[in-house]
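Notes to accompany the following structure.
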Amino acid sequence: MEYFVQQLANGLTLGSIYGLIAIGYTMVYGIIGMINFAHGDIFMLGAFAALIVFLILTSFFAGIPVALALLVMLIIAMLMTSLWNWTIERVAYRPLRGSFRLAPLITAIGMSIVLSNFIQVTQGPRNKPIPALVTDVYHFGDITISLKQIIIIALTAVLLTIFWYVVNKTPLGRAQRATEQDRKMAALLGVDVDRTISITFIMGAALAAVAGTMYLMYYGVATFNDGFIPGVKAFTAAVLGGIGSLPGAVLGGLLIGLIESLWSAYFTIAYKDVATFALLAFVLIFKPTGILGRPEVEKV
Amino acid sequence: MADEPLLKVQAVQTFYGNIRALDGVDVHVNRGEIVSLIGANGAGKSTLMMTICGSPQARHGSIIFDGEDITQQPTHLIARRRIAQSPEGRRIFPRMTVYENLQMGAGLDNLRYFKEDVEKIFTLFPRLKERQSQRGGTLSGGEQQMLSIGRALMARPKLLLLDEPSLGLAPLIVKGIFEAIKKLNKEEGLTVFLVEQNAFAALRLSDRAYVMVNGKVTMTGSGKALLANPEVRAAYLEGGRH
Ligand SMILES: Nc1ncnc2c1ncn2[C@@H]1O[C@H](COP(=O)(O)OP(=O)(O)OP(=O)(O)O)[C@@H](O)[C@H]1O
Ligand SMILES: [Mg+2]
Numbered sequence: 000m001e002y003f004v005q006q007l008a009n010g011l012t013l014g015s016i017y018g019l020i021a022i023g024y025t026m027v028y029g030i031i032g033m034i035n036f037a038h039g040d041i042f043m044l045g046a047f048a049a050l051i052v053f054l055i056l057t058s059f060f061a062g063i064p065v066a067l068a069l070l071v072m073l074i075i076a077m078l079m080t081s082l083w084n085w086t087i088e089r090v091a092y093r094p095l096r097g098s099f100r101l102a103p104l105i106t107a108i109g110m111s112i113v114l115s116n117f118i119q120v121t122q123g124p125r126n127k128p129i130p131a132l133v134t135d136v137y138h139f140g141d142i143t144i145s146l147k148q149i150i151i152i153a154l155t156a157v158l159l160t161i162f163w164y165v166v167n168k169t170p171l172g173r174a175q176r177a178t179e180q181d182r183k184m185a186a187l188l189g190v191d192v193d194r195t196i197s198i199t200f201i202m203g204a205a206l207a208a209v210a211g212t213m214y215l216m217y218y219g220v221a222t223f224n225d226g227f228i229p230g231v232k233a234f235t236a237a238v239l240g241g242i243g244s245l246p247g248a249v250l251g252g253l254l255i256g257l258i259e260s261l262w263s264a265y266f267t268i269a270y271k272d273v274a275t276f277a278l279l280a281f282v283l284i285f286k287p288t289g290i291l292g293r294p295e296v297e298k299v
Numbered sequence: 000m001a002d003e004p005l006l007k008v009q010a011v012q013t014f015y016g017n018i019r020a021l022d023g024v025d026v027h028v029n030r031g032e033i034v035s036l037i038g039a040n041g042a043g044k045s046t047l048m049m050t051i052c053g054s055p056q057a058r059h060g061s062i063i064f065d066g067e068d069i070t071q072q073p074t075h076l077i078a079r080r081r082i083a084q085s086p087e088g089r090r091i092f093p094r095m096t097v098y099e100n101l102q103m104g105a106g107l108d109n110l111r112y113f114k115e116d117v118e119k120i121f122t123l124f125p126r127l128k129e130r131q132s133q134r135g136g137t138l139s140g141g142e143q144q145m146l147s148i149g150r151a152l153m154a155r156p157k158l159l160l161l162d163e164p165s166l167g168l169a170p171l172i173v174k175g176i177f178e179a180i181k182k183l184n185k186e187e188g189l190t191v192f193l194v195e196q197n198a199f200a201a202l203r204l205s206d207r208a209y210v211m212v213n214g215k216v217t218m219t220g221s222g223k224a225l226l227a228n229p230e231v232r233a234a235y236l237e238g239g240r241h
């Protein structure tokens, strides 16, 4: 039982990170119907931005409190990735809007390669480690929960609440949903559609940066191809939960995190990805729109 | 300035690809007028309504609104000049509630007048009040039509464009909507430019009207004059009226 709870905590931590990344996939898909394959690399960029900020902080302000260092890392990583994603949308995706459906998809794959190669060239191909930032652990009987796990889960919960509020209750969120549902009508009501799409890319990137920073803090290393596997997992999470659905992305992320850690704990770790994708296939057979995907019942 | 028409469409041509849907259209709407546009299916009426809003943009000619050239402006900036449209097909946001759809209409003022305006809409269409937390996509066709008109009114428009407001509505509701338009026009000086299949009702309601055929305006005159015109009667009224 303790073992199970332990794995649950590990799974939730991993799932939070997937969920944060998955939101970026799902929102961009929702608003422009495109899979932003470069999103995993935006996450990786976030981790690297945090890493570089960490190195700068520790060499110029040795003895800086860890909490402050993490905060600065988070904020700068968010700003950097937002700028990146905004630029990518501006130069690589927007000009292709209204062209054939595969064009932006292919461009996105291209962008993904550009980003990971860029980091490989400028930062080197090897693992970049950092010393452990947060080392506190708490024992509850036989269960060990680390402070960094608590930070990740709590931060994710807070961000998701804010995010939920923005999307559902603010004029910006309404404009986003309107753009998603009928772009032409949104424009007829005075919504600046291009700007709304840009903001969506920025929001997705900011969450990916948080995920990247948390990933760096959790595992203590970053590599140029870190965007790939977590990116694919997060994308799977988005599809599993129902692409286009925000709660779905979070749910999908948590599920995949849980499956991975529970499977690794009770079965062979080598097959954990097989388990994940088997679940995905299983869900899609019975519910092609994903767990929380919207059933198409509206008459439009 | 006051004598200038609120909307002046001059020699406008609009294309879909290589197909010319509007072929040199001249139309104007004065402040405080109700003007209607009638014509057969495919004549280009909806295209004119959408061209005024810049979606698609006119390829030739000019559109002047409130003294400013809006021909090349993007749609959202035209909307911000207070041209509101209830477009063809209603275009309700299907996964937003009725209330949120109305909020979208009031987005230009950041909901500043939302509370008082939404009460007006609910008085106009009590059905919308009952349905306010229902999702737009699940409304009946007629309810969607009411919502579409209500949403356009929420923008406090200087010019209201209505593309077939009576489509799919029961005769009693149509009567209600036309009365409401007349009332808003009389009491608040709302300027209205509307497309109607129900030519009889539209011409009776309107100060002036245009007849469009194949992307061109072929006739214009007061609503009364067109109602009496034998050609118009033959083409759009007789048999058209049940
Ligand atoms: N998106 C489009 N792409 C290509 N052609 C179009 C498009 N929209 C309209 N058309 C064509 O332009 C012409 C005018 O269409 P429009 O919708 O303006 O007619 P309408 O007068 O509103 O007709 P109705 O009374 O049936 O609504 C038609 O021949 C139509 O086929
Ligand atoms: Mg039409």
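Protein sequence lines, in the order shown, are assigned to chains A and B. Counting in numbering that gives the first Met the number 0, the first sequence runs from 0 upward without gaps. Counting in numbering that gives the first Met the number 0, the second sequence runs from 0 upward without gaps. The beta carbon of each residue, even a glycine, is placed where N, CA and C say it ideally should be.
- Residues close to ligand 1 by the beta carbon criterion (under 6 angstroms to any non-hydrogen atom) are, from first to last along the chain, Y15/B, I18/B, A20/B, G38/B, N40/B, G41/B, A42/B, G43/B, K44/B, S45/B, T46/B, E87/B.
- If you draw a straight line from the Cα of Q122/A to the Cα of A48/A, it comes to about 11 angstroms.
- Chain B has a Cβ within less than 7 angstroms of the Cβ of M184/A.
- About 11 angstroms separates the CB atoms of I151/A and Y218/A; that is not less than 8 angstroms, and the two are not in contact.
- A residue is called buried once 16 or more other Cβ atoms fall within 10 Å of its Cβ, and H138/A, having fewer, is exposed.
- CA-to-CA, the gap between A234/B and T86/A works out to about 55 angstroms.
- Contact check for G289/A and G14/A: beta-carbon distance about 16 angstroms, past the 8 angstroms limit, so the pair fails to qualify.
- Sequence-ordered contacts of the segment 86-107 of chain B with chain A read P86, R90, F92, P93, R94, M95, E99, Q102, M103, G104, G106, L107 [C-beta pairs closer than 7 angstroms].
- It is roughly 57 angstroms from the alpha-carbon of E187/B to the alpha-carbon of V231/A.
- If you look at Y137/A, you'll find it in the beta strand (DSSP E) that goes 136-139.
- Within the model, the alpha-carbon separation for S45/B versus P246/A is close to 38 angstroms.
- By the neighbour-count definition (other C-beta atoms within 10 Å, threshold 16), P93/B is a buried residue.
- Note that the C-beta distance between V52/A and I31/A is not below 7 angstroms.
- A straight line joining the alpha-carbon of K128/B with that of E32/B spans about 29 angstroms.
- Judged by their CB atoms, T13/B and T70/B are not nearer to each other than the 7 angstroms cut-off.
- R207/B: member of the beta strand (DSSP E) spanning 207-212, first to last residue.
- Secondary structure at R134/B: strand, using DSSP grouped into helix, strand and coil.
- Neighbourhood of N109/B in chain A, by CB distance below 9 angstroms: P170, in chain order.
- In the structure shown, S85/B adopts extended strand secondary structure according to DSSP, grouped into three states.
- According to the DSSP secondary-structure assignment, T190/B is paired through a beta bridge with L158/B.
- Contact check for A248/A against S81/A fails: the beta carbons are separated by 7 angstroms or more.
- Chain-order list of chain A residues neighbouring R79/B: G189, by C-beta distance under 8 angstroms.
- If you check the CB distance, I62/B and V24/B do not come in under 7 angstroms.
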